[in-house]
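The numbering of the sequence shown is the numbering used here, which starts it at 196 and goes up by one.
For glycine and all other residues, C-beta sits at the position ideal for the given N, C-alpha and C.
Small disclaimer: the values here were computed from a predicted structure and weren't measured.
Below: one structure, written as structure tokens.
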Amino acid sequence: MRSLQHSSIAGVVLAVALSWSDAGASAPAFKANPADAFPIDLAFSMREFLYNQDLIGSPSGNQVAYVVITPPPTQPQSDRFLPNGTPITAIGASVHVVSTDASKPSQAPGICSGKGDQWAPSWSADGKQLAFYSNADGLVRVWTYELATQRCRRVSDAIIRGTVFSGSQPRWSPDGATLYVPLDPNPPKLSPTTASVVPAVEKRGPMVLFGGNEGGAELAARDGQSGSSDDWMMKQYGTALAAISVDGGAVRMLVPADHASRPHRLELSPSGKWVSYNSVLYLPQNITTASVMDLLAVPARGGEPKPLVKAMRSSEHNVNYTRLDYRWHPQQDRLFYLQDGGLWSVDFSDNGPSEPRRLAPELGELAPVVLYFTADAKSLVVGLEAQGEGRDRMPQRLAIVPLDGGPVVQRKLPDLKQWQFLDLIRADADSLWQPDARSVVAVMRERSTGEQAMVRVDVTSGETTVLAKGMYRTPFLAATGGQRQLVGVYEDIGTPPNVYRFTAKATRAQQLSNIEPKLDGRRHGTAEVIETRTPQHDGSLASVRTTILLPPGAKRGDRLPAIVMIYSGSDLSTRASVFGGGMGNTVPSQVFTSRGYAVVMANIVLAPEGVGSYPANQMTDEVLAQAYAAADAGYIDINRLAVSGQSYGGYSTGSIVSHTNLFRAAIPVNGCFDLAAFYGGMQDGGNSHWVRWAEKGQGRMGDSPWANPARFIDNSPYYRIDRIRTPLLIVAGEADETVAYQESKKFFVGLRRMDRPVQLVVYPGEGHVIATWSTVNAVDVSQRMVDFLDKHLRQP
Numbered sequence: 196m197r198s199l200q201h202s203s204i205a206g207v208v209l210a211v212a213l214s215w216s217d218a219g220a221s222a223p224a225f226k227a228n229p230a231d232a233f234p235i236d237l238a239f240s241m242r243e244f245l246y247n248q249d250l251i252g253s254p255s256g257n258q259v260a261y262v263v264i265t266p267p268p269t270q271p272q273s274d275r276f277l278p279n280g281t282p283i284t285a286i287g288a289s290v291h292v293v294s295t296d297a298s299k300p301s302q303a304p305g306i307c308s309g310k311g312d313q314w315a316p317s318w319s320a321d322g323k324q325l326a327f328y329s330n331a332d333g334l335v336r337v338w339t340y341e342l343a344t345q346r347c348r349r350v351s352d353a354i355i356r357g358t359v360f361s362g363s364q365p366r367w368s369p370d371g372a373t374l375y376v377p378l379d380p381n382p383p384k385l386s387p388t389t390a391s392v393v394p395a396v397e398k399r400g401p402m403v404l405f406g407g408n409e410g411g412a413e414l415a416a417r418d419g420q421s422g423s424s425d426d427w428m429m430k431q432y433g434t435a436l437a438a439i440s441v442d443g444g445a446v447r448m449l450v451p452a453d454h455a456s457r458p459h460r461l462e463l464s465p466s467g468k469w470v471s472y473n474s475v476l477y478l479p480q481n482i483t484t485a486s487v488m489d490l491l492a493v494p495a496r497g498g499e500p501k502p503l504v505k506a507m508r509s510s511e512h513n514v515n516y517t518r519l520d521y522r523w524h525p526q527q528d529r530l531f532y533l534q535d536g537g538l539w540s541v542d543f544s545d546n547g548p549s550e551p552r553r554l555a556p557e558l559g560e561l562a563p564v565v566l567y568f569t570a571d572a573k574s575l576v577v578g579l580e581a582q583g584e585g586r587d588r589m590p591q592r593l594a595i596v597p598l599d600g601g602p603v604v605q606r607k608l609p610d611l612k613q614w615q616f617l618d619l620i621r622a623d624a625d626s627l628w629q630p631d632a633r634s635v636v637a638v639m640r641e642r643s644t645g646e647q648a649m650v651r652v653d654v655t656s657g658e659t660t661v662l663a664k665g666m667y668r669t670p671f672l673a674a675t676g677g678q679r680q681l682v683g684v685y686e687d688i689g690t691p692p693n694v695y696r697f698t699a700k701a702t703r704a705q706q707l708s709n710i711e712p713k714l715d716g717r718r719h720g721t722a723e724v725i726e727t728r729t730p731q732h733d734g735s736l737a738s739v740r741t742t743i744l745l746p747p748g749a750k751r752g753d754r755l756p757a758i759v760m761i762y763s764g765s766d767l768s769t770r771a772s773v774f775g776g777g778m779g780n781t782v783p784s785q786v787f788t789s790r791g792y793a794v795v796m797a798n799i800v801l802a803p804e805g806v807g808s809y810p811a812n813q814m815t816d817e818v819l820a821q822a823y824a825a826a827d828a829g830y831i832d833i834n835r836l837a838v839s840g841q842s843y844g845g846y847s848t849g850s851i852v853s854h855t856n857l858f859r860a861a862i863p864v865n866g867c868f869d870l871a872a873f874y875g876g877m878q879d880g881g882n883s884h885w886v887r888w889a890e891k892g893q894g895r896m897g898d899s900p901w902a903n904p905a906r907f908i909d910n911s912p913y914y915r916i917d918r919i920r921t922p923l924l925i926v927a928g929e930a931d932e933t934v935a936y937q938e939s940k941k942f943f944v945g946l947r948r949m950d951r952p953v954q955l956v957v958y959p960g961e962g963h964v965i966a967t968w969s970t971v972n973a974v975d976v977s978q979r980m981v982d983f984l985d986k987h988l989r990q991p
């Protein structure tokens, strides 16, 4: 028996215990070409598009703006903003502008090169200027870029609260004279002698917390400890709303941050007379996952905000809950929104908003996601007959609602048993792309193959036609010059994401950008999709799609050593359409495939969130069925199989190896292993996000540990350590705010006590997601994973 060792290597805390013998594994038929090995440092440093920031087509029709990230060597893990107010996800961001008439891909640097981090571009109405946020002089302010002269100019000294979420960009008045922006309610300051930020001096007394009626509200207020998650939301998303003169930079406050409405994200009416905004998201109850916001409007000239909708449910399809399902009419001061399953409108005049009026009540309850204007702005398109749960709740039909009160037209979408509805192609955030006014184009995914398709729905006849289909992804699409041209980002497993011009049939035509030239000339792997019958949480059998990512040159029948990537409750099989196969455990898949491993992207369907269930058993049933199916198809060697996942996928990994000995190796990353202990992971203010997570959310326990202790124990791999025989490499970031760091240490201690083969690697200063770690640590942990797989899955 090998003795335990503890050592410190390059700042990494490493604890190692026993090894595992893989004698008897079958000899590999496929040998990876060392020249194809994807450089691990490139995997974490290659340029990419800024997440959740759309392409912005110019009104003139011949330019498109987008944001590219050059990942920094290090990125803070403990907060969402730098001390100077820059969102950490905007570090290394640059705004680019490319001509839609370009004949070859552009590798030009961003606008205002060297002017700090830049994000959130917004075109003026005449298409001659871009407004954007930048920290070029140390703090986040609004800047403009003049297209003709390529001149960059800071507009004002005002400090912006500039998140990276789509919809947070500055808003131009129709005449181009004013920009409407969110201001930082607690702006940082610059040193009078240098450009460095002066850190705030935090004076802290003792932390005093209360529960039940102990202390009472007066004492809690006196000690400044509310313990409310609303405080956290205010810290992250609270803003003040202001109007800034483009010429002189004068600032006019519209809604202060301490207003009772708690302002967050703003929109501007077409006339420029009204500013609408939603409040910071809040929870109407202590234990709930139903987040709500209020919708208000304020005159652009100033005045008291007018409440429009109270406790408006935030759609689960709105990324990061920063958008509500409401839109201004493109040409009139009329606002439309979804609430209580219906479509409502409010008309605005100089006297203020009218009473809300429900449109087309005969349609019954509407589906989420869809609320778009037709290209002529005469109708709204909404969804009907929603099916599915949570983010998978999608419409089966579309309704075209004329705004003049004419008859509503309904059209059926392609069969949702065969297709998954993703969205409708839009010309901009609010209006549909309709090169043919008689039809709309839906983005769908075929359930059996995972292929994305562009499907035209003829509004007149109801006929549907597949225009294009393939294993690719178009995450951002936009039109330029109204309906003139469609541009978008395209990628597939072997094609890095770039901006392309598309045809009228939504097929890729001309590449317009080349954001990462270092990828030119490299060989990439392929993806295969299989369909498997797997047992479900309710005892039924269902057809499930599984993706196998293969190394360059590998094929069916090679029976490769493989790693199964898992994030239970989610469908990882769609990663086949992402360049390189995306990420399963937050390490890019090509790190593994280019070194001879197949990567199995599992699709694990669990019981609905909030319902008490037994997810550990359910995920094991489903992953085993998919692993054996991939082996039966000849892609992987069932005797040389590993499993890995991050966060809830880390929990999934620990749970699965506590229920089966099939896997020769396992790599949980920042997972939780004791659900009851996780439940009490206290945050600042005495609150615990994990209470809601366990009872009503992803944890699927349905109740507290005291109401059903057996369920918490049965689903916690920590209490099943004596059943685990699989070698584990446990990975954790010491700065992970989810309490996973403590969970990882606890899991390791138990495994070592039971004399199980285990390694624990803890990275100081790193957080929850490996892809956001410092490059040196991300490279280090990736190499450790490869070495661990080589040790346990390769032929001895």
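Of the choices the options, whose alpha-carbon is the least far from that of residue i?
| i | options | result |
| --- | --- | --- |
| glutamate 723 | Val293, Val636, Ala673 and Ala824 | Ala824 |
| arginine 728 | Phe244, Gly676 and Ala797 | Ala797 |
| alanine 260 | Glu646, Thr675, Lys501 and Leu561 | Thr675 |
| arginine 754 | Thr769, Tyr792 and Val773 | Tyr792 |
| glycine 443 | Gly665, Trp338, Ser735 and Ile688 | Trp338 |
| aspartate 653 | Asp687, Lys664 and Pro609 | Pro609 |
| proline 863 | Lys323, Met760, Leu619 and Gln705 | Met760 |
| leucine 561 | Gln272, Thr434 and Gln582 | Gln582 |
| alanine 372 | Ser363, Ala637 and Val441 | Val441 |
| tyrosine 1003 | Asp528, Ser574 and Ile306 | Limits of the chain in this structure are 196 at one end and 991 at the other, which puts residue 1003 out of reach. |
| threonine 1002 | His719, Lys664 and Gln678 | Residue 1002 lies beyond the range of the chain shown here (196 to 991); nothing can be said about it. |
| alanine 861 | Thr742, Leu744, His987 and Val800 | His987 |
| lysine 454 | Glu499, Ala905, Met488 and Ala495 | Residue 454 is actually histidine in this sequence, not lysine. The shortest Cα separation from histidine 454 among Glu499, Ala905, Met488 and Ala495 belongs to Glu499. |
Between residue i and residue j, what straight-line distance do the alpha-carbon atoms span, to the nearest angstrom?
| i | j | result |
| --- | --- | --- |
| leucine 547 | methionine 448 | In the sequence as displayed, the identity of residue 547 is glycine instead of leucine. If you take the alpha carbons of glycine 547 and methionine 448, they lie about 19 Å apart. |
| valine 739 | arginine 275 | 36 Å |
| proline 747 | alanine 820 | 26 Å |
| glutamine 379 | leucine 923 | Per the sequence presented here, residue 379 reads as aspartate, with glutamine not at that position. For aspartate 379 and leucine 923, the distance between alpha carbons rounds to 45 Å. |
| leucine 619 | isoleucine 925 | 42 Å |
| threonine 434 | leucine 575 | 31 Å |
| arginine 529 | leucine 436 | 21 Å |
| leucine 984 | lysine 700 | 45 Å |
| threonine 344 | valine 981 | 50 Å |
| asparagine 168 | alanine 353 | This structure gives no information on residue 168, because the portion of the chain shown stretches from 196 to 991. |
| serine 540 | phenylalanine 239 | 47 Å |
| proline 282 | tyrosine 567 | 30 Å |
| valine 976 | tyrosine 958 | 9 Å |
| serine 464 | alanine 331 | 30 Å |
| glycine 467 | aspartate 321 | 15 Å |
| asparagine 972 | alanine 297 | 39 Å |
Between which two residues does the alpha helix (DSSP H) containing residue i stretch?
| i | result |
| --- | --- |
| arginine 979 | 970–988 |
| glutamate 938 | 935–948 |
| proline 904 | 904–909 |
| glutamine 629 | First-last for glutamine 629: undefined, no H or E at that position. |
| histidine 884 | 884–891 |
| glutamine 813 | 810–827 |
| alanine 871 | 870–874 |
Let's see if you can read the secondary structure: which residues bound the beta strand (DSSP E) around residue i?
| i | result |
| --- | --- |
| aspartate 832 | 831–841 |
| phenylalanine 787 | From DSSP, phenylalanine 787 is part of no beta strand (DSSP E) but of the alpha helix (DSSP H) over 785–788. |
| aspartate 489 | 487–494 |
Touching by the beta-carbon criterion (3+ pairs, under 8 Å), the stretch 729–737 and the stretch 647–662: Contact between the stretch 729–737 and the stretch 647–662 is absent, because fewer than three Cβ pairs lie under 8 Å.
Stretch pair the stretch 806–814 + the stretch 908–923: three plus CB contacts closer than 8 Å: yes
Stretch pair the stretch 956–976 + the stretch 927–942: three plus CB contacts closer than 8 Å: yes
Segment contact, 8 Å Cβ cut-off, at least three pairs: the stretch 586–601 with the stretch 553–572: yes
Ordered list of beta strand (DSSP E) runs contained in the stretch 745–774, each at least 3 residues: Restricting attention to beta strand (DSSP E) runs no shorter than 3 residues, the stretch 745–774 encloses them at 755–760, ordered along the chain.
Sufficient close CB pairs (3 or more, under 8 Å) joining the stretch 286–293 to the stretch 306–315: yes
Unbroken stretches of the beta strand (DSSP E), 3 residues or longer, contained in the stretch 306–333: 313–318 and 324–329
Complete beta strand (DSSP E) runs within the stretch 641–702 (minimum length 3 residues, chain order): Whole beta strand (DSSP E) segments, 3+ residues: 647–653, 659–665, 672–675, 680–687 and 690–697.
Any 3 or more C-beta pairs closer than 8 Å across the stretch 892–901 and the stretch 933–944: Contact between the stretch 892–901 and the stretch 933–944 is absent, with fewer than three C-beta pairs closer than 8 Å.
Cβ pair count under 8 Å reaching 3, the stretch 291–302 against the stretch 223–239: no
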